[in-house]
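Protein chains in written order, with the working numbering: chain A, 1299 to 1599; chain B, 1424 to 1636; chain C, 5 to 1055; chain D, 60 to 289; chain E, 673 to 790.
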Amino acid sequence: MDFDWMKIPYAFLTVFIVVNYGFLMTALIQKIGARVGRRYGIPIWQNYLDMIKNYGLRSSITHGAMFYLGPVFRLSGGVGLLLFVPSIYGSYMFSNLSFAGDLILALYFVFFGTLGMALGAAESGHPHAAIGITRGLSQVSMAELPFGLAVFSVALQYQTLSVTDIVAAQQGGMLTWTLFTNPLAVSAAMLSFLGSMMRPPFDVVIAPQEIPIGPPTEYHSSYLALMQTNRVIFPVAKIVIYMNLFFGGATSWPEFFLKVFLIYMWSAFVGVVFPRFRVEQSIRWFLVWAVPLGVLSIMVV
Amino acid sequence: MKPELMKRMVKGPDGVEFEVEPLRDYFCEVPPTVMPAAYIKIVEDLFNWARAESIWILGFGTGCGAIEMRPLMTPRFDAYRYGVQWRPTPRQANLFIISGYLSTKTLKRAIRAYEQMQNPKYVIGLGSCTINGGMYWDSYNTIKRLDDYLPVDLYIAGCMPRPEALLAGFMDLKKIIRAGKGEGANQYAENFAWYKENQKRVIHDWDMPDYNW
Amino acid sequence: MNALTIFAIGLGTAFLLGLLGERQKSLGYMLTLAALTFMSAVSASWLVVFAATGADSFDIFTAGTAPPFAINLRMGLIEAALTLLINLTGLFAAMHMGDALLRLGQRAMAVLIIAIMALCGIVLTRDIFNLFVFFELIVIATAGLVLLSDDDSALAAGFKYLIVSQFISALLLVGIIFAYHATGTLNIDGMAEAAAAIDPSVSGAFAIAFFLMFIAVVAELKPFPANGWALDMYEAAHPGFSAVFSAASGTAALYAVDKLLQIGGTDWLPVATGIGIVTFVGANLLALPQTNDRRLLGYSSIAQTGLILTVLGQQDIFGDDYFFIAGGLLFAHALAKAGLYWLSALVAGRTLPDWAALQSRPLLVFAFISCVAMLSGLPPFPSFYAKWELAHLLVAEGRSGLLALILFGALVEAGYLFRWFGYLIKRATPAESIACPAHQLLPIAAAVLGGWALGFVWGELSSSYFGRTNLLLTLPLFFALTFLLLDWLPAWVKNTLAIGGMVAFFSLTYAEYDPLRLIFAVIFLIGGAVTLLASYHAHGRRIGFYPAAMLMYAGMIMLIRASDSFGFFAAWELLTVGSYFLILRGKHSEPHALSYIVFSLGGAFLILAGFALAASAVPPAPTFEIAQLADLVQPVAPWVFLLLALGFMTKTAAIGVHIWLPGAHAEAETDVSPMVSGILLKAGLYGLFVLLMNMGKQSLYGVELTYVMLWIGAITALLGNLMAIFQEDAKRLLAYSSIGQMGYALFGLALMNHLGWLMALMFVINHYIYKSMLFLSVGGVAKRTGTREMFKMGGLITLMPLSFIATLIGIIAVSGVPPLSGFGGRWIFYNAILTADARLPMVLIFLSGPIAFLYLFRLIHTIFLGQLKDEHRRLKEAPFWIILPQMIYVALLMVVAVVPGMVLRHVDAYISQFFPDGALNWEGSTITSQFGYWNPVAIMIIVGVIFMLLFGWLLFVNRRAQKVKQFNFVFSAERPFRPETTHFAWNFFAPYRKAMGFLVQPFVTRFWAAVTDLLHTAADITRRLYNGNGQTYAFHFLLFVVAVFTFRMGM
Amino acid sequence: MIKRAVALVLLLMLGGIFATLMLGYTPDSELNLTARYYAERTAADLGAANIVTAIVVTYRGLDTLGEVTVLFLSASIVGLVLASNRRPALRVRTPVGELLTTGARFLVPLILLLGVYVFVNGHLTPGGGFQGGAIIASGVLLLLLADPLRHFSHHVIATVESLAGLFYVAIGLAGLFLAGGFLDNRLWPIGTLGELFSAGAIPLIYSLIGLKVGAEFSSMLASLSETEEL
Amino acid sequence: MAYIAMATGFLLVLIGFYGALTQRNLLRMIVAFTIADSGVNIVIVAIGYMRGRTAPILDATVSAAEAVQRIIDPVPQALVLTAIVIGVGITALMLAYAYRLYERKHTLDIAKLTDLQG
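Structure, rendered in structure tokens:
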């Protein structure tokens, strides 16, 4: 097999950049959220501190093998997702490991972490974890649908499933972005995006007091640290897909940072403005508002 | 002893009867151990710094002082800027604030919640009642001296202390932690028998394992 | 030996019996048996003569005068066969009724002999008035033999019979005399000639005369609804005699109708058809609500007679096949009915569930099911061949409506017969064991063996006819049937034999298959063998399991090997029946097995109709190469396509006809569920493959049928998955999941492009592996926990780790998450739909994808994770033999995941024959399509490396983790109460139900329930016509006469 | 009432069928094929003067055998039906009257004689085995009327009946071997038309039938009378 | 003549049938059937009748040679004999049945013998 071993350090580099960017951006978004609430907000490095502290906790417990592996699955999912999609268009260095598969691989790999995490949380034996998972799965199953439709619409539009090719097709200035060539698909996808970010109005899954933050209720110490790491990688990885599919991708890191930030902001913006939905309400909401957009985008493309 | 914790005979699907002893079968009976600090001092210092700057409080209001904690989240006090935040589950919390008088009934829950937090963990006694019983010094169902039951790192006196006092308390706690003196969890493990004895003296319907993992 | 000796010996013995004294009953009985044996021997000798030499039939003169001036008889192959049937029935009935005959004495014996003789007379005579005399003899003899019964109501029944017989004989006499007047002869052949010569302008009187004769003779067939009296007879008479009444009397009367139709000519054929089909459908419907076994058999007898009458009425189109068809149906009916009536004598109770008494006697159960199979027209019995021919010829003549009615009636009949079989197998056995005196067993054995023998004979006939080997001699079927003989062996021996046989057969034949068939062959044979490994866990002899299982496997492999439509259909029926027996073995599977067999037979009938329709357009009938389906053109082609597709989709449980699947798969035994789910469902897919491969796209009224299939597939996938979410029963959940998965496969096939098919094939392979694995794993758990309700389990991961691993791998594969093999299927799928035009149904497929996660997570969580229940604390891992195949599957899944090309690239090349565009590129380890690419090896490595790195890191930082127990979790600072109240499992997806529950309202179930209710209610209302009053029955008869007359004259 | 109305309607329709049948009926002016054959050939072939008898006994001999069997069956079954509940005779003799007793004594031999005459001459004159047998049975009936307690030996009746039947079948079979076919009457020369000993086996067969029918009717009568509760 | 006989015969058949359909007493039904039987027999005989001819017996008045012109159709005569005998047989049988039924069920009402139905 003619494998370019340099891809491995390059991949580590991507992960390193994205992790750091993720930590900072997440904190920034939190800070923006705080400012909306007229608070000062956390220090920008707060997330690093939290992670170090969690690694620094001396004791931990385990409920069993799956419990132990849950966060590993979770973070593998995030890292894998990041690496299966090229980060910077036109850059060999940051095309990551996208040779392993196309868009479909990325879409399905999203569930790798979800599934592992769900299994791990479930093994804790905590009913609240299980309740959180049922809510999460129920909501995600519907929230992902408009995205799937939009992706498909885009794939039909460009007649390819390769992310690189899709980005390549959008390299003719802003008006060639899918955002403008296929606005229906983008709207559907952006609505779906709200549902998958675990922010209001769709965050009843991790209701803090009713089912103390749901699935991760039993996770702590280094498990939690791993999950925190994922929590900063995963949204970025996901947004990279959005960016590549709908917003022309990124040809350089600055462009990357900006676009990812802006897309993330969309969810934050909605989150601070709108109140919460119950799970069945959010399912219906996606069914009524987002899915038809997706269907329409497929029909007209 | 509650009936659900008593030994009982259970018949398996294959028809064989066997005994189930809930306390033994459902709960881990290992006692807590003293957890050593990181071997390299600089690492431990880093950790202590991080611990001090990232204080996660268990969202469990045990008494009237709980009302004083809420304002800390508001724009007026905004404890978040100090790295303080509330967590709904003891597994992820580092700091347990006993907010005011602690009835024996709540003590049991407090003990359980405390034991389920991970080492290192800190306890703040908020208000006079946690120091000596305060105005409830002669009450039949509150404890007088929190230190007998849980290792307290810091007391904040007052009845009730205002949120500002609480904030000041956090600052002091940070100092303690950064100095590596916030070893309440290890203290608890070292004197486990003594604490248990005290706890069991006031809690008459003890219906849980000695240490709640 | 002159055929007249039948009469001479019969009468002579009857008269001789009168000479014997009261005390010489035994001698009389011996004489009776001897006479009947002799009569049988005469018939048999003639049968041998005709069969061996192929001689023509010849006339026997009486009174030394040639016909038409004296009565003559005719002996030929048909007559010999029919009289042999009658005489043997008589002989065995005499044996069977030995006690009753000895009690009542020589008079009763004489009556029996005369009855048999008279029945032979009806068959042999060629004189119409002579026919009348024999009929009257039978009426009187019947009235006498009814008295053999211990039942008091037999008296009333006999009287009712006499009342109606009086009406019949009056009409018959009037008819005969006027017919004589019109034609100047009483000879049947003469009359036929004369009738043909009558001037049409004055033929009115003759027509009415003929009508009277005809209706009278038809009335002897107990046509619906003028048959209440006959039912009372069936119910009340001695079962030994009921056998004669049903098997022999019906046979003779049918032959009499056939003779009459020779006189009446083709004008009367539609009347016979009409009466026949109304009787067939009506009697079968009325049989539905029956609770008394003998009455039910009576209705069934009437129905079968009606069917044969229909065939008689259609004889104009059958040509040479007439006797092949009519005979096949007739003999199967006669033997089966005789067998069943004789069996009923062994059963003490009179309701259908009382037959559970037979459970303790496997041989009797075998006898029963053989009879039921004969009646239902299942292979390898003669009725099966007859059904095949019948359908083909009817369709060839454009009489599809009639075929539809026949098939409907047959389906109803199969419904109540198999329901009965379900009672027999599944209901509680009565405490007292049944007595089986040898003289009662012998007749049953004779009937059953006769049935099998005739199956062989018809197979031989058809083999010369269809140019293929006798079905019974086909190696797989023969192998399966040998297990009937080996059933006394211990289970493990049989299991070894079965596995050995399947593997050996595969290794002998694998070179013969093209890549597509090879995949199916591997799944059916090798896959079947792997699944059978699990059967080693069973102890004892497991009576009945192996014949059924091997029958199913034989059917499946024959399905692949079949190149012509007949072989295909026969294989289809075999695998259906085999799997039905397998499913029925489950503890509570009675109703589900029933709905399985009813839906399956319904589907099989559609296939039959489809083949028949195709055959009508592709000469030469009666069978054609499957490949010739491709030659079909409009307007036949789309209909053929529709029928076949519906038939196959019944097997794959497409939405609308899916309701049989959950129960059937869930209630089956642990090692049966993977067989019927993992393997059997593929038979339906194979059918669809064959269909689409040969017929391609078809449109009907401008609607493209593959497009409709696409929708059906999509809806099936969505609703199957949705319904799986809400199941509490683990195996039901898996079963619904199968429905959804089959929906995907159907969708892929219906895409009609290269990748769609490839994806369907990928599903075939994957679904076999992971569904077998999951069913085994869940089955093993259910076996240990004694329940299938998931909320009663929980926390089994530490006790049954291997089962857990199998389930985990299984659900990852099912959900299509990389890096396991399910992803390959999804990847091909998305590539496939990119090329398709149909976009709306795709949306549904999209929706159903994530839904799979929901139920899969539920499955693994509620069983293996969460809280361990008290009573399960001491559970052991599932038995070794159940785990072993699971581990094999795990390994297989890994292999398929990494090197899917190993199998698929060959198929890919094969599919290129049909769809040259869109083939995948298999260069190196990357699989490339027109749209995207995918490198399974790289994915596996990358995911593995990332995972191991992170795992190592966690191990390092988290090395001191304290292992805690099940209640050591935070619970709002409280202590959990008990595991039962702490395990979150029941109504798991409550929010989802609130949001999407409206989609899974059981509309389809309600629809089918309404259909069955409607049938039952209609039958119940019609039943009230039979109020038990003899005069009412006379009214019915007259009404029938008038109605048929009006109908005939209006024609 | 409804029942009657329905019956009337149904029978009206049946009557309609019959009426059509009747309206379509035209009496023959010439004998049809079959009848002509009988008229022309009976005398020559079979030697029977009574053509009906020839038809009954020979041409349609199988029917007649069946007929006899019908009676045999009826008798057997009547016996079966009534046999199983035969009570011990607890009958009180009641006088039936001088006239009847004496009349019976006088008439029975004559009746029997007439019966025998009728069946023996069946091939020559109107009448035959059935008629003769019925006459014989009427003698038995008279005896029963005269003396209800008279017991007829069922065994004797049955023996007569069975033997007659057996002989009948035997003659039929003999026809098969010695003459043209089953029940052919030409076992021996047919003799001269119109004589008592003519028409081959017809007189013999008819006599056997007479005996058999007489026995059967008697058997039925006896069985029925024994059920009577006096 | 033949028509009258035939009509009478048919009428008897219908009357017999009517009786059999409406009379509930078994014995009356049996009588009704004998009436219907007689009707049938009359019809049979009427069919064979030919105007101006004589009985099919060869004797001094009818010689074998002229039989074809002189005699009526003998076949219905033969048939009617059989029909009558069979009718007698069945009547006897029904009577026996009626007797046995009365003995067992203590009724002669056909409408009460309905223990089997549906």
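The C-beta atom is built at its ideal place from N, Cα and C for all residues, glycine as well.
Because the structure is a prediction, the values reported are computed rather than measured.
Item                                                                                                                                                               : Value
In whole angstroms, give me the CA-to-CA distance for residue 1591/A and residue 768/C.                                                                            : 34 Å
If I follow the unbroken alpha helix (DSSP H) through residue 998/C, where does it start and stop?                                                                 : 994-1000
Using the rule of at least 16 other Cβ atoms within 10 Å of the residue's Cβ for burial, across every protein chain shown, is residue 294/C buried or exposed?     : buried
Of all the CB atoms in chain E, is at least one closer than 9 Å to the CB of residue 119/D?                                                                        : yes
Just the chain C side, please: which residues come within less than 8 Å of residue 88/D by C-beta, in chain order?                                                 : Here the premise fails: no neighbours, minimum Cβ distance about 13 Å.
Where residue 1500/B and residue 1587/B are concerned, what is the direct C-alpha to C-alpha distance, given to the nearest angstrom?                              : 8 Å
Provide the residue span of the alpha helix (DSSP H) that contains residue 1615/B, from first to last.                                                             : 1615-1625
In the structure shown, what three-state DSSP assignment does residue 289/D receive?                                                                               : Below a pLDDT of 50, predicted positions are generally treated as unreliable, and residue 289/D, at 43, falls in that range; no measurement from the model is reported.
Using CA atoms only, rank isn't needed, just tell me which of 1393/A, 1545/A and 1355/A is closest to residue 1517/B.                                              : 1355/A
State yes or no: is the beta carbon of residue 791/C nearer than 9 Å to at least one beta carbon in chain B?                                                       : yes
Out of 208/C, 17/C and 788/C, state which residue places its alpha-carbon closest to the alpha-carbon of residue 187/C.                                            : 208/C
Quick check: is the beta carbon of residue 84/C nearer than 9 Å to any beta carbon in chain D?                                                                     : no
Which residues, in chain order, does the segment 1421-1440 of chain A contribute to contact with chain C at a C-beta distance below 9 Å?                           : 1421, 1422, 1423, 1424, 1425, 1426, 1427, 1428, 1429, 1431, 1432, 1433, 1435, 1436, 1437, 1438, 1439 and 1440
May I ask you to list, following chain order, the residues of the segment 61-93 of chain D that have a beta carbon less than 7 Å from some beta carbon of chain C? : 65, 69, 72, 73, 76, 79, 80, 83, 84, 91, 92 and 93
If you measure between the beta carbons of residue 276/C and residue 292/C, is that distance less than 9 Å?                                                        : no
Just to confirm the assignment, what range does the alpha helix (DSSP H) spanning residue 466/C have?                                                              : 442-470
Please list the residues of the segment 688-703 of chain E that have a C-beta atom closer than 8 Å to any C-beta atom in chain D, keeping them in chain order.     : 689, 690, 693 and 694
Please state whether DSSP places residue 1508/B in a helix, a strand or coil.                                                                                      : strand
Please state if the CB of residue 18/C and the CB of residue 99/C are separated by a distance shorter than 9 Å.                                                    : no
Helix or strand or just coil, what does DSSP make of residue 424/C?                                                                                                : helix
Below 7 Å CB to CB, which residues in the same chain sit around residue 1612/B once its five sequence neighbours on both sides are set aside?                      : 1455, 1456 and 1457
Looking only at DSSP bridge pairs, what is residue 131/C linked to?                                                                                                : 191/C
What residues are listed by DSSP as bridge partners for residue 1545/B?                                                                                            : 1518/B
Using a C-beta to C-beta distance shorter than 8 Å, which residues of chain D count as neighbours of residue 111/C?                                                : 135, 136, 138, 139 and 142
How many whole angstroms separate the CB atoms of residue 970/C and residue 863/C, which I take to be in contact at a CB cut-off of 8 Å?                           : Rounded, the Cβ-Cβ distance is 20 Å, inconsistent with contact.
Taking CB distances under 9 Å as the criterion, tell me whether residue 1367/A reaches chain B.                                                                    : no
Would DSSP call residue 477/C helix, strand or coil?                                                                                                               : helix
Are the Cβ atoms of residue 98/D and residue 244/D separated by less than 9 Å?                                                                                     : no
Would you decide whether residue 1415/A is buried or exposed? Buried here means 16 or more other CB atoms lie within 10 Å of its CB.                               : buried
Where does the unbroken beta strand (DSSP E) through residue 1595/B begin, and where does it stop?                                                                 : Here residue 1595/B belongs to no beta strand (DSSP E); instead the alpha helix (DSSP H) covers 1586-1601.
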